[in-house]
Every structure is written in C-alpha cells, then in structure tokens.
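Written below as structure tokens is the structure these notes are about.
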Amino acid sequence: MQKQDLATAVKSALLSASIGFVATSNTASAASLTIFHNNDGESKLLGSGSFGGFDYFLGELDAARGSASATRDVLTISSGDNFLAGIAWSASVARRDAAGGLGSSFNFGGANLSNYYDAMALSAVQYDVITLGNHDFDFGPAVLGDFISGYEAAGGTATFLSANLDFSSEPALQPFTTGVTPRIASRTTVTRGGEIYGIIGATTSSLATISSPGPNITIGDVATAVNAELAALTGAGVNKIILSSHLQGINAPGGDEALIPLLDAGVDVIIAGGGDELLRNGPDANTDAPFGPSIDGPYPLISTATDSGGNNIALVTTQGEYRYIGELEVEFDGSGNVTSVGGNAILVDPSTSPQAVGTFNGIDIQNDIITPLAADVAAIEASVVATTDVPLDGRRASIRTVETNLGDLIADAFIWQAEQIGGLTGDPVIAFTNGGGIRNDSVIGVGNITAADAIDILPFDNSIVTLNGVTVADLVATLETAVQNAPGQSGGFLQIGGFEFTYSTLDPALSRVLSVALADGTLVYTADAGDVFGGTLDIVTNNFSAAGGDGFSELATYFANDLSVGDDAALVAYIQTALGGNISGIDYPELGLNRINPVPLPAGIWLLGSALGVFGFMRRRPATA
Numbered sequence: 000m001q002k003q004d005l006a007t008a009v010k011s012a013l014l015s016a017s018i019g020f021v022a023t024s025n026t027a028s029a030a031s032l033t034i035f036h037n038n039d040g041e042s043k044l045l046g047s048g049s050f051g052g053f054d055y056f057l058g059e060l061d062a063a064r065g066s067a068s069a070t071r072d073v074l075t076i077s078s079g080d081n082f083l084a085g086i087a088w089s090a091s092v093a094r095r096d097a098a099g100g101l102g103s104s105f106n107f108g109g110a111n112l113s114n115y116y117d118a119m120a121l122s123a124v125q126y127d128v129i130t131l132g133n134h135d136f137d138f139g140p141a142v143l144g145d146f147i148s149g150y151e152a153a154g155g156t157a158t159f160l161s162a163n164l165d166f167s168s169e170p171a172l173q174p175f176t177t178g179v180t181p182r183i184a185s186r187t188t189v190t191r192g193g194e195i196y197g198i199i200g201a202t203t204s205s206l207a208t209i210s211s212p213g214p215n216i217t218i219g220d221v222a223t224a225v226n227a228e229l230a231a232l233t234g235a236g237v238n239k240i241i242l243s244s245h246l247q248g249i250n251a252p253g254g255d256e257a258l259i260p261l262l263d264a265g266v267d268v269i270i271a272g273g274g275d276e277l278l279r280n281g282p283d284a285n286t287d288a289p290f291g292p293s294i295d296g297p298y299p300l301i302s303t304a305t306d307s308g309g310n311n312i313a314l315v316t317t318q319g320e321y322r323y324i325g326e327l328e329v330e331f332d333g334s335g336n337v338t339s340v341g342g343n344a345i346l347v348d349p350s351t352s353p354q355a356v357g358t359f360n361g362i363d364i365q366n367d368i369i370t371p372l373a374a375d376v377a378a379i380e381a382s383v384v385a386t387t388d389v390p391l392d393g394r395r396a397s398i399r400t401v402e403t404n405l406g407d408l409i410a411d412a413f414i415w416q417a418e419q420i421g422g423l424t425g426d427p428v429i430a431f432t433n434g435g436g437i438r439n440d441s442v443i444g445v446g447n448i449t450a451a452d453a454i455d456i457l458p459f460d461n462s463i464v465t466l467n468g469v470t471v472a473d474l475v476a477t478l479e480t481a482v483q484n485a486p487g488q489s490g491g492f493l494q495i496g497g498f499e500f501t502y503s504t505l506d507p508a509l510s511r512v513l514s515v516a517l518a519d520g521t522l523v524y525t526a527d528a529g530d531v532f533g534g535t536l537d538i539v540t541n542n543f544s545a546a547g548g549d550g551f552s553e554l555a556t557y558f559a560n561d562l563s564v565g566d567d568a569a570l571v572a573y574i575q576t577a578l579g580g581n582i583s584g585i586d587y588p589e590l591g592l593n594r595i596n597p598v599p600l601p602a603g604i605w606l607l608g609s610a611l612g613v614f615g616f617m618r619r620r621p622a623t624a
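Residues in the sequence shown are numbered consecutively from 0, following numbering that gives the first Met the number 0.
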C-alpha cells in the first residue's frame, strides 16, 4: 500500500466502530503497560551526528523508562536486526579475532576489550526480549551463537525469540534453547506489578533466501507457529499477549498486515521490525524525520485487517539505527482486553536528548562502547588502500537495478582472485555478485579509497567460491531470477563479469533472457535457439549466492569450492595488484561496460531484429566449448 493510501486507511480504521478500542490517553484500567521498543539497530552505535547515537538513545530511554515505571508496568523490546555488517561490526570482529576468534573468552573494558560492541549495547539496554531478525543470521549460526555468548558474558539476560525457527538440529544454537530459562525460545512471559505478559517472537519466513541461517535451522510458517504459542499462553491463563515480529515491513508481502487475518484471537499488540517505517504523531512529525518528511502512519497504527475473532490489532514499529524509541501505552481491563492504546515515537536527537554516561548493567557506555568504537572506526577510515580516477556507483537504487562500474569492478575481482588461487577447470570463467551484498549506497568519488570504503562496499565478509561444470540452462535460470523484478529493485539483481547478456523488460518474469555471450564474443544462448554453446562454465561468486540465496536454487545444486578469501579482501587485492592500486575510467567507465543490456521489447520483436542484423548478439559467432 502506498503511504498516502496507508494513512487514509488508518484514519478510516480509527473511525470504524468495529475496532473495539480507541487510541487515546491513559484511562483507569486493571493493568497499565508501557512498551518501549526499537528495531533494526544494525550496529549504528555511533549515530550520524544529527540523529541517533547509542549513548543518546540509551539516555533518552533511561529517562522515559524511569518516568513511566513510577505508575505503569514497563517492558523493553527489540524487534530484530540487532547487528549488521559494516565498519562498526568489522571493528567488533577485529577485537574478537585478536582475542582468539569464535569461542574465545569475552572481556570488556579498556585495552582488553574483546566483546562485540553490539552485544554490550544490548546488555546495557536491559531488554526484556530480543526478537531474531534476518540480519542476525547474516554471518551464520556460529557467529550468532558466539554473539549471544558475548551478550551473556556482558550481563545480558533477555530471551531471544522466534516461534517459527526450529534450532534443535543446529549445534551452534541448540544449547541456548534448553534449561528452565532458555536463552532462545518461541515465547516467554514477564511479570510486572503482579501482571503476567506473554510475548511471542516471529522471524520472516523468507530468511533462507535473504540471509544465511544454514541448512540445520528449520523455518516454519509464521502464522502456524504464532497460533501454537498463542494457544499455549492462553491455555496457561495468560490474557495479555504481545507479538514481537520481524517480517520485513508492516505492509510487505508476508508482513504484519498479511499475518493478522491468519491469527487466532488473542494477540493484543504487535511490535514490528524490519520495514524501517516511521509511525509518529504531532506537529513536528513531518519535520524531523532524518530521511525526509515521509511519515508512514500514526502511532500506533490500527490494523486494517482483523484476526479470526474480528479484532483489529494495534501495530507499532520505529525507524532503525537507534534514531527513534517507540513508547506504546496500552490499557487492559480485568479480563485482559485492550481498552485503549496511545503513545508516540521519541526522536533521538543529540542536541536535546540526554546522553548516557556512567555504567548501565555493568557496561561503561563511554569507555566500553562509544570511545573505543569511535577510535576503531577512525583507524579503519584513515587506512588508504587504493585510489580511483572515476566515480564508482554503489547506490542502492543503481546496484539493484542496472549494471554499474562498481559492480563490474567487483565481478572482475572475483575472476582475478579465482585465477590466482585455483579451483577452475579450464572451462570459460564468469562471475557475478548479488546487488544486495553491495551496501555502501553511495557514489565513491575520485580520490582515495580507504579500508572503510571496502568494508562498506562488501561488509558481509562473504567467501568467494567457485562452481564448476555449470550448465548453460542453469546459468540462464539464474539470470532469469536476477532480472525477474526489473526494473524494480532486487537484492538478487546480479553484477557480472566475463560475459554479457540481454533481457526484455516487457516479457513475463522468468521468461526474459534473450541472449548470453562470453566476453570474447562467443555466443552461449539465445531465446529462440536455446543453448548454442554445448559446454559448461566455471562460475565465481560469493557463498551466499552459491548456497541459493535470493532464490538462486540452481546454484545450490553444485559443490561450492570455498577459496577462503573474503569478497572485500579480494576486491582490495585486485585493485592493488592487478590494477596497480588505481582504478581508471578507461578500465571502468562511469556508465559501465555494457555487460547487462535491458531492452524495452518483447522477445519476438527482438529476435526478428537480431535475425535481420538490427541487434548485435545474433551476429556473434556460435561456438562449441
């Protein structure tokens, strides 16, 4: 739904007599609850200067919690994506590696700091529950397990929640699911002022295609899992129930609005994450949004959908990166029915928000987190690794929709790295990387390229792998998946090297690829003739794509030969060694190298034009392997 439509729908819902409760200020009730919440913190602990900053977030939260707890029950919830690849995360990993890597002891404080900055931050907040989001699995279960161990070592006691993920066969996480008070669970209860509040967690069912949970975690249907936990809670007499979800957006496919009609009655409010929507009230709501004046709806949002009992549900979420704190006020009657909801999102503004100083839950905010992290980041940003004579386009809107020169550079780096190490068979070598893995979202200007730039470009530390003996049919199927959403953005849009292809922007999804040719001009495939190559290919890509990420299921059928080199390291090595430390506009022109060619024509017209020599690919020579 468009934002204007969403706002209109919300107003209609608020006026509807069928809602059964109203968004209003506090009234006398059997239980008064304030839920402080945020989501998608994503390692943005240092803030941007104008908005956010973990120390200001915590200062604002601490003051608000102190005020609310004087008269109300208080819960604090994170709805997922508690860390994210990037410079700050790399600083944490460097600390952990220096201490011995995964499984080594955790320390915090001074020069001996060897814990994850985000783990210490989560502990300092003292959340009641932390929902698992998709980015929490980006580095695999082993890293997530190590992160949770670091969180515990830093004094964290919250339960990590996800009802639809089964960890029983994942050795890195299964130990956290056992015991009287497991660290990872499907649901939990928290008692405040004699009142019992049930909380259920849910993680997007698309986890396997957008992150790296590995083969041992079973991803179940969200509605089925939530309803099972809902039944367990209500069966135990719990009548005030919160769903903390990370479903990629309130109105996303498979998001919270889509979930609500599938839910049994009993969920009272939903604390959502993953969509970065801004819900906010007040005259300043359209003036202080850090990414422009766009407001996605009021706070709280009353769902347009109803559950199986005909109930609308109050939905809240916040923009991420510690820029806002949600403060949801809920009133319950003696039977646990919601009688009113209210509240707002609190802007974290360093010019007005109090700054957290001193110790919170044993963590010295400035000396254990902010000061050492800032020093680590500054060192990374000061390290020059290369130069460029041409702007390099890594903007999200570009890298996920069209070929860019930065994408060309990365794909070429993959081929070069594979040629240096091996793992190739003598078949033609091509490469690609998913646009969703290129994260700097900026144009890198002419001048120095720093280690921070390299991390920003490829922050996930994916390994480079080779796939041998890939058929033309599987390559074409992969390309079809890559362009199925074009011209819309997709994290699965591929940046490529060693070949070029043309696709129709008008033909139906998964029937768009018109031709494929190797970089030397050898024709591989046409839509009318099919495979005209007759051989197989070596593909160099990252481990995420090779495992079937972004829906590349054909790639997952091949053995992935891991070269044990990170994609960011390969990029830097290629620039320094193969390019002599400088990227030129001759090698990588600003508009790319015409490797990916969308045409606004249906296949039939394009093929006719190619046969007549109007278009280029049909004039290339067919060849055998």
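Just so it is clear, CB atoms sit at the ideal spot from N, CA and C, and this is done for glycine as well. Note that the structure is predicted; figures quoted are calculated from it, not measured.
Buried or exposed (CB count within 10 angstroms, at least 16 for buried), residue i
i    : result
E256 : buried
A378 : exposed
T177 : exposed
P170 : exposed
E41  : buried
Q575 : exposed
I198 : buried
L611 : exposed
L408 : buried
V469 : buried
E320 : buried
G144 : buried
N593 : exposed
I259 : buried
D4   : With a pLDDT of only 31 at D4, under 50, the local geometry of the prediction cannot be trusted, and the value read off the model is given with reservation. Looking at its Cβ environment, which holds fewer than 16 other Cβ atoms inside 10 Å, D4 is exposed.
S397 : buried
T316 : buried
T180 : exposed
F53  : buried
G308 : exposed
S24  : Its pLDDT being 42, under 50, S24 is placed unreliably by the model, and the measurement read from it follows with that caveat. Exposed.
E418 : exposed
T26  : Low confidence applies to T26: its pLDDT is 45, below 50, so where it sits in the model is not reliable, and the reading given next is rough at best. By the 10 Å Cβ count, T26 comes out exposed.
D549 : buried
Contact under 8 Å by Cβ, residue i with residue j
i    : j    : result
P297 : L327 : no
D455 : N467 : no
Q416 : A572 : yes
I472 : D527 : First, the amino acid is wrong: residue 472 is Ala here, not Ile. Not closer than 8 Å, so no.
L242 : A120 : no
A485 : P597 : yes
A141 : G333 : no
N163 : G219 : yes
D460 : P601 : no
G446 : T540 : no
A98  : I345 : no
N38  : G272 : yes
L457 : Q483 : no
F166 : L172 : yes
Y126 : S68  : no
S122 : G155 : yes
T525 : L517 : no
Whole-angstrom C-beta distance between residue j and residue i, which should lie under 8 Å
i    : j    : result
P588 : V389 : 7 Å
L474 : L536 : 6 Å
G496 : A410 : 3 Å
V347 : V337 : Contact flag wrong, Cβ pair sits at about 28 Å.
T504 : P599 : 5 Å
I195 : V237 : 5 Å
N433 : G591 : About 17 Å; that fails the 8 Å criterion.
V268 : A201 : Incorrect: roughly 14 Å between the Cβ atoms, too far for contact.
Review point. Counting only runs that start and end within the segment 587 to 618, where is the alpha helix (DSSP H) found for 4 or more residues in a row?
Key: 602 to 610
Exercise for review: Pair every Cβ in the segment 69 to 85 with every Cβ in the segment 28 to 37, then say whether three or more of these pairs are closer than 8 Å.
Suggested key: yes
Review point. Does the segment 110 to 126 touch the segment 360 to 368, meaning 3 or more C-beta pairs lie closer than 8 Å?
Key: yes
Practice item. Inspect the CB distances between the segment 340 to 358 and the segment 539 to 556 and report whether three or more fall short of 8 Å. Key: no
Review point. Counting pairs of Cβ atoms below 8 Å between the segment 331 to 347 and the segment 294 to 308, do you hit three or more?
Key: Under the Cβ criterion (8 Å, minimum of three pairs), the segment 331 to 347 counts as touching the segment 294 to 308.
Exercise for review: State whether the segment 129 to 137 contacts the segment 198 to 211, with contact taken as three or more CB pairs (one from each stretch) at a distance under 8 Å.
Suggested key: yes
**Study point:** Secondary structure, alpha helix (DSSP H): runs of 4+ residues fully inside the segment 107 to 154
**Key:** 116 to 124 and 140 to 152
Check your understanding: What residue ranges within the segment 151 to 221 form continuous beta strand (DSSP E) runs of no fewer than 3 residues, ordered along the chain?
Key -> For the segment 151 to 221, whole beta strand (DSSP E) runs of length 3 or above, ordered along the chain, are 158 to 160, 186 to 191 and 194 to 202.
Exercise for review: Within the segment 487 to 568, note down every full beta strand (DSSP E) run reaching 3 residues or more, in order along the chain.
Suggested key: 493 to 496, 498 to 503, 512 to 517, 522 to 525, 535 to 541 and 559 to 565
Check your understanding: Can you list the alpha helix (DSSP H) stretches of 4 or more residues lying completely in the segment 345 to 413, in chain order?
Key -> Restricting attention to alpha helix (DSSP H) runs no shorter than 4 residues, the segment 345 to 413 encloses them at 370 to 381 and 395 to 398, ordered along the chain.
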